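S.K.:
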Amino acid sequence: MPKKILYINACVRKNSRTKRLADYLISCLNGETEEIRLEDIHFGISDERFISKRDRLLSTGAYNHPMFTMARSFAAADLIVIAAPFWDLSFPAALKQYIEQINAVGITFRYTESGEPQGLCRAKKLYYVTTAGGPIYSDAFGYGYIKSLAHTFYGIPETEIICAENLDLIGADTEILLQDAIRIIQESTGL
97 MPKKILYINA CVRKNSRTKR LADYLISCLN GETEEIRLED IHFGISDERF
147 ISKRDRLLST GAYNHPMFTM ARSFAAADLI VIAAPFWDLS FPAALKQYIE
197 QINAVGITFR YTESGEPQGL CRAKKLYYVT TAGGPIYSDA FGYGYIKSLA
247 HTFYGIPETE IICAENLDLI GADTEILLQD AIRIIQESTG L
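Each residue of the sequence shown is one higher than the one before, counting from 97 in the numbering used here.
Encoded structure:
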């Protein structure tokens, strides 16, 4: 049975290098892919009204409400690929808005009697694909946040980063750097 792959695309540029790597990764994976293009989604403001409605629906077990479509899709995926370019020491804001939509108690995670989060997601692996014009400094750039959510809240035991950095430095051979990342994808997927 083919895997259900959820592809969360936070790329906005027509010739996005991050998207190029993520598309190649998807082509190496065996499964049916659902792509969520974050630039096509109008995320409402996560204000008090939004949070109150979400909490009320979750507390009554209304998990089939349209508000939780993205959370249900995330929880049901066998494999997750996030494509998020490195912007301003993090990832695009739309990815954070998406995360606010999928963090749904009873769908993507629950709390145990002792108050610990327990993941409810089916995925065993999450790939985080990113590119950067310069160097990526430490784990504070977004992957650490996604990795922590995957492990601690969603119950996804394995995460892997695919990264090409320093692409815009003077003298950099962008194509060689991208090919290095493609080799990492090939090794990771067994090609």
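Glycine residues also receive a C-beta, built at the ideal position from the N, C-alpha and C atoms. Please read all numbers here as calculations on a predicted model, not as lab measurements.
Alpha carbon to alpha carbon, what distance is there between Ile-257 and Lys-192?
M.R.: 18 Å
S.K.: Could you tell me the distance, in whole angstroms, from the CA atom of Ser-112 to the CA atom of Glu-209?
M.R.: 45 Å
S.K.: Residues bridged to Phe-205 by DSSP?
M.R.: Val-201 and Gly-215
S.K.: My output table needs one value for Tyr-239: the three-state DSSP class, helix, strand or coil.
M.R.: helix
S.K.: For Glu-196, which residues from the same chain have a beta carbon less than 8 Å from its beta carbon, with the 5 sequence-adjacent residues on both sides left out?
M.R.: Phe-139 and Ser-142
S.K.: Compute the distance between the beta-carbons of Ala-260 and Ala-228, then report whether it is under 9 Å.
M.R.: Yes. Within cutoff.
S.K.: Put Leu-185 into one of helix, strand or coil per three-state DSSP.
M.R.: coil
S.K.: Can you give the beta carbon distance from Ile-122 to Met-166, rounded, assuming they're within the 8 Å contact cut?
M.R.: Contact flag wrong, Cβ pair sits at about 19 Å.
S.K.: Please tell me whether Ala-179 and Ala-118 are closer than 9 Å, where the distance is taken between their beta carbons.
M.R.: yes
S.K.: Using CA atoms only, rank isn't needed, just tell me which of Ala-106, Gly-230, Thr-255 and Pro-231 is closest to Ile-242.
M.R.: The candidate whose alpha carbon is nearest that of Ile-242 is Thr-255.
S.K.: Assign Leu-265 to buried or exposed, taking buried as 16 or more other Cβ atoms, counted over all protein chains shown, within 10 Å of its Cβ.
M.R.: exposed
S.K.: In terms of alpha-carbon separation, which member of Glu-212, Arg-109 and Ile-147 lies closest to Phe-249?
M.R.: Glu-212
S.K.: Apart from the five residues just before and just after Tyr-194, which ones in its own chain have a Cβ nearer than 8 Å to its Cβ?
M.R.: Ile-104, Ala-106, Ile-132, Leu-134, Ile-137, Phe-139 and Met-166
S.K.: Taking the continuous beta strand (DSSP E) assigned at Cys-124, which residues delimit it?
M.R.: Here Cys-124 belongs to no beta strand (DSSP E); instead the alpha helix (DSSP H) covers 113-124.
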